[in-house]
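Student: So that we are looking at the same thing, I have put the structure below in structure tokens.
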Amino acid sequence: MLYLPGGRRGQPHRRIRMRLRAVVFALLLFTLALIGSSSHAVARTNAPRLAPNHKISQSTSSNWSGYSAINGRYTTVSASWKQPTASCTSQTTYSSFWVGLDGDGSNTVEQTGTSADCSGGTPRYYAWYEMYPKFPVNLSIAVRPGDSMSGSVTTDGSGHFTLHIHDGTTGGDFVTTQTLKKARLASAEAIAEAPSGSGGVLPLTNFGTASFSSVTVNGQAIGAFNPDRIDMVGNGYTKATTSALSGGSAFSVTWRHS
457 MLYLPGGRRG QPHRRIRMRL RAVVFALLLF TLALIGSSSH AVARTNAPRL
507 APNHKISQST SSNWSGYSAI NGRYTTVSAS WKQPTASCTS QTTYSSFWVG
557 LDGDGSNTVE QTGTSADCSG GTPRYYAWYE MYPKFPVNLS IAVRPGDSMS
607 GSVTTDGSGH FTLHIHDGTT GGDFVTTQTL KKARLASAEA IAEAPSGSGG
657 VLPLTNFGTA SFSSVTVNGQ AIGAFNPDRI DMVGNGYTKA TTSALSGGSA
707 FSVTWRHS
């Protein structure tokens, strides 16, 4: 559920029944309108699901692209990714790449990741963590395109979370312990996201291809959980597509449209 600094990303995910989802969506939009800002992580906004493919459910979202393990109880998730390079134009755009728990069928997200934004033709890269519905916290870790990043989110199951992000290229490292008692632990994911603001999903930065690897959930490759494979679709455009899993734990997300 990433929002930009001072804002969030996305709305509640699709795993809720249509009626409940509509209610939660309306409440989130109302909350975002009150906040009046953009933020990094918002629970995924979902479109109708497509047919399953080799046990991997193919679905679409207006703000997420990647893989999400659902229909279980998840206490740890980790992943590595290469920090993408932003190709900037005069348009202001945003993108984030993260690993986290919840957000797909629940109203919280516990996550950490990096961003690649564009403003006035200039790229901006940074790391952050977020315990949605609280706002994201930007970190002092210097992130550069091409850096080898890794992140993990772990909980003891009683509302205490440890979030860790590491830059294997520079040695930058950050660990924090946070508390969120109402987390459902209903999903675990590795995602490329178009952040959201008070007006909805924001334009997606052209990040080329984001490569994720070593994606594990509860100590196993994410493929062991028959995760959802998600493409980002919105406003009549396919914005990002997700590859098939390789070795059960690696995939790539390719930018298609802002």
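Residue numbers for the sequence shown, in this note's numbering: 457 to 714.
Beta carbons are placed, not taken as given, at the ideal position from N, Cα and C, and that holds for glycine.
#1: Are D573 and D603 touching if we call contact CB-CB under 7 Å?
#2: Starting from G522, follow its DSSP beta bridges and name the residues at the other end.
#3: Among the candidates Q634, T532, V671, whose CA atom is the shortest distance from the CA of K538?
#4: Thinking C-beta only, is T698 closer than 7 Å to V709?
#5: Applying the 10 Å Cβ sphere with the 16-neighbour rule, what's the burial state of R475?
#6: Any heavy atom of the ligand MN within a distance shorter than 6 Å of the CB on R685?
#7: Compute the Euclidean distance between the alpha carbons of D560 and E645, then round it to the nearest angstrom.
#8: How is F707 classed by DSSP in three states: helix, strand or coil?
#9: Report the rounded CA-to-CA distance for D612 versus K637, giving the unit in angstroms.
#10: Give a yes or no on contact between the segment 627 to 634 and the segment 642 to 656, applying the rule of three or more CB pairs nearer than 8 Å.
#11: For S714, collect the residues of the same chain with a Cβ closer than 8 Å to its Cβ; drop the 5 residues on either side in sequence, then sort them by chain order.
#12: Report the rounded CA-to-CA distance for S643 versus S543, giving the unit in angstroms.
#13: Nearest to E586 by alpha carbon, out of S614, E566, T578, P579?
#14: List the DSSP bridge partners of Q634.
#15: Who are the Cβ neighbours of S705 in its own chain at under 8 Å, not counting the five residues just before and after it?
#16: Would you mind stating whether I686 and S515 have Cβ atoms separated by less than 7 Å?
#17: Which one or two residues does DSSP pair with D623 in a beta bridge?
#18: Tell me the start and end of each unbroken beta strand (DSSP E) in the segment 518 to 584 that is at least 3 residues and wholly inside, in chain order.
#19: Which same chain residues end up closer than 7 Å to T618 when comparing Cβ atoms and leaving out the 5 residues on each side of it in sequence?
Tutor: Result, derived from the coordinates:
#1: Along the sequence shown, one-based indexing puts residue 573 at 117. Along the sequence shown, one-based indexing puts residue 603 at 147. The answer is no: Cβ separation not under 7 Å.
#2: Here the question's residue 522 lines up with position 66 in the sequence shown. DSSP output for G522 lists I647, I686 as bridge partner(s).
#3: Translated into positions along the sequence shown, residue 538 becomes position 82. Checked all of Q634, T532, V671; the closest Cα to K538 is V671.
#4: Here residue 709 corresponds to residue number 253 of the sequence shown, with the count starting at 1. Here residue 698 corresponds to residue number 242 of the sequence shown, with the count starting at 1. Yes.
#5: Locating residue 475 in the sequence shown gives position 19, counting from the first residue. Since pLDDT at R475 reaches only 25, below the 50 mark, its modelled position is unreliable, and the value read off the structure follows with that caveat. So R475 counts as exposed.
#6: Judged by which ligands are present, the structure shown has none, so any question about the ligand MN falls away.
#7: Here the question's residue 560 lines up with position 104 in the sequence shown. Here the question's residue 645 lines up with position 189 in the sequence shown. Near 9 Å, if we compare the C-alpha coordinates of E645 and D560.
#8: The residue you call residue 707 lines up with position 251 of the sequence shown. In the structure shown, F707 falls within a strand segment according to DSSP collapsed to helix, strand and coil.
#9: For the purposes of this step, residue 612 is identified with residue 156 of the sequence shown, where counting begins at 1. For the purposes of this step, residue 637 is identified with residue 181 of the sequence shown, where counting begins at 1. The straight-line gap from Cα to Cα measures roughly 11 Å.
#10: Contact fails: fewer than three Cβ-Cβ distances are below 8 Å.
#11: Position 258 of the sequence shown, counted from the first residue, corresponds to residue 714. Excluding sequence neighbours, S714 sits near Q547, T549, P659, L660, T661, N662, K695.
#12: Position 187 of the sequence shown holds residue 643. Position 87 of the sequence shown holds residue 543. If you take the alpha carbons of S643 and S543, they lie about 31 Å apart.
#13: By one-based count along the sequence shown, residue 586 stands at place 130. Closest by alpha carbon: E566.
#14: To locate residue 634, count along the sequence shown from 1; it is residue 178. Paired residue(s): F617.
#15: Within the sequence shown, the letter at position 249 stands for residue 705. Only S669, S670, V671, T672, A677, I678, G679 meet the Cβ criterion.
#16: Residue numbering aside, residue 686 sits at position 230 when the sequence shown is read from its first letter. Residue numbering aside, residue 515 sits at position 59 when the sequence shown is read from its first letter. Yes. Within cutoff.
#17: For this step, residue 623 is matched to residue 167 along the sequence shown. Beta-bridge annotation (DSSP): D623 is paired with M605.
#18: Here the runs fully enclosed are 520 to 525, 532 to 538, 552 to 557, 565 to 575.
#19: Within the sequence shown, residue 618 is the residue found at index 162, counting from 1. Counting only Cβ-Cβ distances below 7 Å, and skipping sequence neighbours, we find T610, V631, T633.
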